[in-house]
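Have a look at the structure below, then the notes.
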Amino acid sequence: MVVLVDKDTRVIIQGITGSQGTFHSESMLMYGTKIVAGVRAGKQGEEVNGIPVYDSVKAARDAQNANASVIFVPAPFAGDAALEAIAADLNPVVVITEHVPVFDEMRIIHAAKRKDITVIGPNTPGIITPSAKQKLGIMPGHVFSGGRVGLMSRSGTLTYEIAAGMTNAGIGISTAIGLGGDPCVGLTPIEAVDLFNKDSGTDAIVLVGEIGGDAEERAAAYIKDHVKKPAVAFIAGRTAPPGKRMGHAGAIISGSSGTAAAKIEAFTDAGVPVAEKPSDIAKLLKDVL
Amino acid sequence: MQTPPGGVAKTPEEAKKRAAEVGKPVVVKAQVLAGKRGKAGGVKFADTPEEAAKHAEEILKMKINNLPVKAVLVEEKLDIQQEIYAGITVDRNERKYVIIGSGAGGMSIEELAEESPEKIIKHHVEPDFGLQPFEAREIAIAMGFSGKNISTLAGFFLKLWEIVKAQDVELTEINPLILTADGRFLAADARLNIDDNALYKHKKLIESLKREPMEQNEREREATQEGMAYVELDGDIACICNGAGLTMATLDAVSLYGGKASTFLDLGGGSDAERVEKGIEIAMKYGKVKAILVNIMGGITRCDEVAKGIVAAKRDGDITVPLVIRMVGTNEEEGQEILRQAGIPFLKTMEDAAQKVVSLVEEGA
């Protein structure tokens, strides 16, 4: 088994006619993702990369029996697009779009919660299950190899860096989830840990965190109390100064909270070894597996 | 929202005039985009217009948090019965707005949390419904108010919530909110941060403020315009990477090998050659930079484009310090070939690259 996305996931691309949607739907198709439809109001009947386009999410879902969505719609309209996917009961809903207003994020997240739908992101590279050849996102598929380690991260390229290191060391991935770089995201680290903990196809968990907020501390406490599977972690931003947003909207040390030191301490306390540098993740995994 | 009577002054003479208009003892406050002004000496009381002018003169010469004070606010010194803290911000864990109130205002919320956490009242707002009047009253009651103060304070919170909603505020603090001896609630200070991602909805507001949304130096402004994330630090190694997490991890790796970063520069995803060259150009404008580390993990960014950008920057003479490159991922072979032909060396792991750049700076020192 794998987490959230498997071989039966049938994907809609919202915003498929835009440059991002067109580019990445092609890359997803090449990887093997089962994209069954695209959505762009007013363009029903057209095709993008051979994928039929529909006027609404409901029309696309009904015509193609879709059950998940990836959103490339520009930020001012991404909230509406996500609510449309949630209204159509698609699950998961992956919001790639960056710079979504925080109020929209809150609305999406709580609308999804009420229906038990998982929102991944916003501002995420997406989710990939290598063994099912399904990626719902923008990550380079070739750096992820199939296996039994669950990977979750708040960043994009740093995830690829760590995944590539694992692949080179012969360690495969069950599912990798980009949680998103914004302060408010749908799937939280605790929920992701819980999914991997329950997944029979996952033997160990890698958590890639960064400065800002206390989601890592919470995940560490959860692991300490509830998780028997081995876990290892990496935290980016050990040298980040307080009060500065380090690229991601959520990556900011406010006052004394959100520091890398506090997160590392929490993981260490929970018995989760923390890698000093990305390449050490593979070594730590070999120790615990 | 009611504020104490008074006005802004840019010169001591203006401050004197404002104080005379108020006709009562006043407080003179530095107007800068920084907190903790009182602690920095930027808030002073005056009984006469002459005294207000004197304080204004001193404060207008100050720098607070490195920002020059260009104006002061002169307003009525209130007959304070109680100082109250009122704020609304985003709770990242609940993914909801949270109303924060305390009957013990005046100090920072961090200090308040340490000194009397039991006096801080928090209430989460359902994003779909917004703050309800009964919730606002409950907050006022929990803060210890009674009688007609309950409805007045509840009304204040409802108004503050409307502002948050209408202006896409991600953080606002009214601290202190003053309850005067004659029963008025007056906002004596306010801080309001608008969500960067929602600024596109508030162009008119930004224009009316007649200033850039953020106070930035020239390099920061240029990087922002290019859509790059750029932060200046105290060290001497500029780290130019793609992706925020990777850039942070690169800074950390430099530190791990004994170096110090001068620059966090995240090019963002899918950069072409021109953008890479621009990033290098911006990084080189910062006087502290003694070496550049380019670390690219190609996903939607293509290594051949990155290589072309680096070659162009070299050719144009933009780079006058040692340069270390690590580049892997999409089109890495094409990219490495471009560098090879231009005689530019590169490395394959970020650890090797970080170690190398640190040693180059040490040799140069």
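Here the protein sequences line up with chains H and Y, keeping their order.
Note that the working numbering gives residue 243 to position 243 of the first sequence, counting from 1, and the numbers run on in steps of one.
One gets the working numbering by counting positions in the second sequence from 1 and adding 1000 to each.
Virtual Cβ for every residue (Gly too), placed ideally from N, Cα, C.
Computed from a predicted structure; not experimentally measured.
Query: Are the C-beta atoms of Y/Arg1095 and some chain H residue less than 8 angstroms apart?; Result: yes
Query: Could you tell me which residues DSSP puts in a beta bridge with Y/Phe1185?; Result: Y/Leu1179
Query: Drop a sphere of 10 angstroms on the beta-carbon of H/Gln64, count the other beta-carbons inside from all chains shown, and report buried for 16 or more, exposed for fewer.; Result: buried
Query: Would H/Thr239 count as contacting chain Y if we go by Cβ distances under 8 angstroms?; Result: yes
Query: Here's the rule: buried if 16 or more other CB atoms are within 10 angstroms of the residue's CB, otherwise exposed. What is Y/Lys1278?; Result: buried
Query: Would a C-beta distance cut-off of 8 angstroms place Y/Thr1330 and H/Ser279 closer than the cut-off?; Result: no
Query: Determine whether the Cβ of H/Thr175 lies closer than 8 angstroms to any Cβ atom of chain Y.; Result: no
Query: Could you check whether the Cβ of H/Leu187 sits closer than 8 angstroms to any Cβ belonging to chain Y?; Result: no
Query: Name, going along the chain, the residues of the region 1298–1328 of chain Y whose beta-carbon falls closer than 9 angstroms to a beta-carbon of chain H.; Result: Gly1298, Gly1299, Ile1300, Thr1301 and Val1328
Query: Measuring alpha carbon to alpha carbon, tell me which of H/Leu289, H/Ala41 and H/Ser27 ends up nearest H/Pro171.; Result: For clarity, residue 171 of chain H is Ile in the given sequence; the question names Pro instead. Minimum Cα distance to H/Ile171 is reached at H/Leu289.
Query: DSSP state of H/Ile190, grouped into three classes?; Result: helix
Query: What residue from Y/Val1294, Y/Met1228 and Y/Glu1083 has the CA that sits closest to Y/Gly1101's CA?; Result: Y/Glu1083
Query: Could one say the Cβ of H/Lys58 lies closer than 8 angstroms to chain Y's Cβ atoms, at least one of them?; Result: no
Query: Mind pulling the chain A residues with CB within less than 9 angstroms of H/Lys43?; Result: Here chain A cannot be found, since the structure's protein chains are H and Y.
Query: Would Y/Ser1255 pass as an interface residue toward chain H - the criterion being a Cβ-Cβ separation below 8 angstroms?; Result: yes
Query: Can you tell me the Cα-Cα spacing of H/Ser254 and H/Pro130, whole angstroms?; Result: 37 angstroms
Query: Sorted by chain position, which residues of the same chain lie with C-beta nearer than 6 angstroms to H/Tyr54's C-beta, five sequence neighbours on each side aside?; Result: Ala37, Val39, Gln44 and Ala60
Query: Give me the subset of the region 143–160 of chain H whose CB atoms are less than 8 angstroms from a CB atom of chain Y, sorted by chain position.; Result: Val143, Ser153, Arg154, Ser155, Gly156, Thr157, Leu158, Thr159 and Tyr160
Query: In its own chain, which residues sit with a C-beta less than 8 angstroms from the C-beta of Y/Leu1067, not counting the 5 before and 5 after it?; Result: Val1032, Leu1033, Ala1034 and Glu1215
Query: Which chain H residues are close to Y/Leu1233, counting only those with a beta carbon under 9 angstroms from its beta carbon?; Result: Thr239, Ala240, Pro241 and Lys244
Query: Are three or more beta carbon pairs between the region 1230–1247 of chain Y and the region 139–146 of chain H nearer than 8 angstroms?; Result: no
Query: To which residues of the same chain is Y/Glu1222 closer than 7 angstroms at the C-beta, ignoring the five residues directly before and after it?; Result: Ile1282
Query: Going by C-alpha to C-alpha distance, which of H/Asp214, H/Ala240, H/Leu285 and H/Gly243 sits closest to H/Ala266?; Result: H/Asp214
Query: For Y/Glu1332, does the count of other Cβ atoms within 10 angstroms reach 16, so buried, or fall short, so exposed?; Result: buried
Query: What does DSSP give as the partner residue(s) for Y/Gln1031 in the beta ladder?; Result: Paired residue(s): none; Y/Gln1031 is not in a bridge.
Query: Buried or exposed: where does H/Met152 fall if 16 or more other Cβ atoms within 10 Å of its Cβ makes it buried?; Result: buried
Query: Against chain H, with Cβ distances strictly below 8 angstroms, would Y/Thr1349 count as a contact?; Result: yes
Query: Of the residues that make up the region 1108–1139 of chain Y, which ones have a beta carbon closer than 8 angstroms to any beta carbon in chain H?; Result: Glu1110, Glu1126, Pro1127 and Asp1128
Query: Y/Leu1209: buried (16+ other C-beta within 10 angstroms of its C-beta) or exposed?; Result: exposed
Query: Going by DSSP, which residues form a beta bridge with H/Met152?; Result: H/Ile177 and H/Leu207
Query: Could you tell me whether the Cβ of H/Lys277 comes closer than 8 angstroms to any Cβ of chain Y?; Result: yes
Query: Using three-state DSSP, classify Y/Gln1132 as helix, strand or coil.; Result: coil
Query: Please state if the CB of Y/Gly1243 and the CB of H/Thr157 are separated by a distance shorter than 8 angstroms.; Result: yes
Query: Nearest by alpha-carbon distance to H/Ala132: which of H/Phe234, H/Phe72 and H/Thr33 is it?; Result: H/Thr33
Query: Within 8 angstroms of any Cβ in chain Y, is that where the Cβ of H/Ala219 sits?; Result: no
Query: Which chain Y residues are close to H/Ala112, counting only those with a beta carbon under 9 angstroms from its beta carbon?; Result: Under the 9 angstroms cutoff, chain Y gives no residues; its nearest Cβ is about 10 angstroms from H/Ala112.
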